[in-house]
């Protein structure tokens, strides 16, 4: 049997910092107290004007590759999960491959919004398990959503941030990847997203005028406030039963980092201590498809993940796409 193992992690947090106080100055109204009490965000980081999503991905990838002692030329595949690509076409993964010098790797992008990285982890893990020509795969989640933020819209500019997280996967005869479960509620595809710039609503003078002159991320209509707290436990229950594991066996839960109160409510519903759910949105804001690998890396650096630990990932995002995965830590 061949299994995918996580060999290393890496992350990149842009240098520029925006505190809640900074956002208050931009908006001209108070948001700090509400954000901290209801969301858990205190600050966020924003990419530089001369950076693209691929630059964030490359920085995180270089850290992960260095820790794994893997040369970019040893990579067989580069996957980039993002819904803020450098271009509509070609894929950002090809840009990342070029910047890394991963000349022997194939490339493709995965866009499942904020569930993208866990989805890519599933795909990459199964690729290693099923095809012995794949020995090393880079899986990156990268997010440059502040490029699409309307800084006059407090529903979005208070939440979104930029960053990237990466893992290097390697083939092994010891179980690492134990399974994944994907799901979606597509009827909410028109609730949250960047709706200008594609074939349904091309970027014209008329359509751009509706979003302050550029494609912008928008909350268009509401979806159930309990969406994640109801579905995350369901996803995890299905996944753990298939792997013959229990919630108590999991040592670390890493959820989408949109709202700390949602994570707290989910852990309560799971009857698990909050100490088992690492979070980072307080210092990095909401980094979408990058938030889970960034948070995983933060937990690893802090020594919260040990060899043999069971780690559960659970993500959701626009679409509404959801993804969960289970890994035995072998690094």
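Residue numbers (the numbering used here): 457 to 787. Cβ coordinates follow ideal geometry from the N, Cα and C atoms, glycine included.
So for residue i, helix, strand or coil by DSSP?
| i | result |
| --- | --- |
| residue 677 | coil |
| residue 719 | helix |
| residue 584 | helix |
| residue 641 | coil |
| residue 657 | coil |
| residue 594 | strand |
| residue 703 | helix |
| residue 600 | strand |
| residue 579 | helix |
| residue 529 | helix |
| residue 574 | helix |
| residue 732 | helix |
| residue 647 | coil |
| residue 665 | helix |
| residue 762 | coil |
| residue 632 | coil |
| residue 472 | strand |
| residue 537 | strand |
Assuming residue i contacts residue j under a Cβ cut-off of 8 Å, what Cβ separation, rounded to an integer in Å, is found between them?
| i | j | result |
| --- | --- | --- |
| residue 778 | residue 771 | 7 Å |
| residue 621 | residue 528 | At roughly 18 Å, the Cβ-Cβ gap does not stay under 8 Å, so residue 621 and residue 528 are not in contact. |
| residue 595 | residue 576 | 5 Å |
| residue 617 | residue 501 | 6 Å |
| residue 711 | residue 776 | Not quite, the Cβ-Cβ distance comes to about 15 Å (not below 8 Å), so this is no contact. |
| residue 561 | residue 531 | 4 Å |
| residue 786 | residue 632 | 5 Å |
| residue 403 | residue 685 | Beyond the ends of the chain as shown, which are 457 and 787, falls residue 403; an answer cannot be given. |
| residue 586 | residue 542 | With a Cβ gap of about 30 Å, residue 586 and residue 542 do not count as contacting. |
| residue 545 | residue 691 | Not confirmed; about 32 Å, so no contact. |
What are the boundary residues of the beta strand (DSSP E) that residue i is part of?
| i | result |
| --- | --- |
| residue 566 | 562 to 566 |
| residue 697 | That residue, residue 697, is in no beta strand (DSSP E); its alpha helix (DSSP H) goes 683 to 698. |
| residue 770 | 766 to 773 |
| residue 618 | 618 to 628 |
| residue 778 | 777 to 784 |
| residue 506 | Where residue 506 is concerned, there is no enclosing beta strand (DSSP E), given that its DSSP letter is neither H nor E. |
| residue 543 | Here residue 543 belongs to no beta strand (DSSP E), and DSSP marks it neither H nor E. |
| residue 461 | 459 to 468 |
How would you write the range of the alpha helix (DSSP H) that residue i sits in, first residue to last?
| i | result |
| --- | --- |
| residue 518 | 509 to 524 |
| residue 756 | 747 to 757 |
| residue 611 | 610 to 613 |
| residue 477 | 476 to 483 |
| residue 554 | 548 to 556 |
| residue 492 | 488 to 494 |
| residue 737 | 737 to 740 |
Is the Cβ of residue i closer than 7 Å to any Cβ of chain C?
| i | result |
| --- | --- |
| residue 748 | The structure shown has no chain C; it contains just one protein chain. |
The segment 617 to 629 / the segment 580 to 600 touching (three or more Cβ pairs under 8 Å)
yes
Would you call the segment 462 to 480 and the segment 708 to 717 in contact, with 3 or more CB pairs under 8 Å?
no
Count the C-beta pairs between the segment 488 to 500 and the segment 537 to 546 that are closer than 8 Å, then say yes if the count reaches three, no if not.
no
Three or more C-beta pairs closer than 8 Å, one from the segment 658 to 676 and one from the segment 749 to 759: is that the case here?
no
Could you tell me whether the segment 721 to 729 touches the segment 478 to 492, where touching means 3 or more Cβ pairs closer than 8 Å?
no
So does the segment 671 to 687 actually touch the segment 603 to 612, counting three or more Cβ pairs closer than 8 Å?
yes
Decide yes or no for the touch test of the segment 600 to 609 against the segment 634 to 646: beta carbon pairs closer than 8 Å, at least 3 of them.
no
Do three or more CB pairs link the segment 755 to 764 to the segment 626 to 640 at distances below 8 Å?
no
Taking contact to mean 3 or more Cβ pairs, one atom from each stretch, closer than 8 Å, check whether the segment 697 to 709 and the segment 578 to 588 are in contact.
no
Stretch pair the segment 508 to 516 + the segment 550 to 569: three plus CB contacts closer than 8 Å
yes
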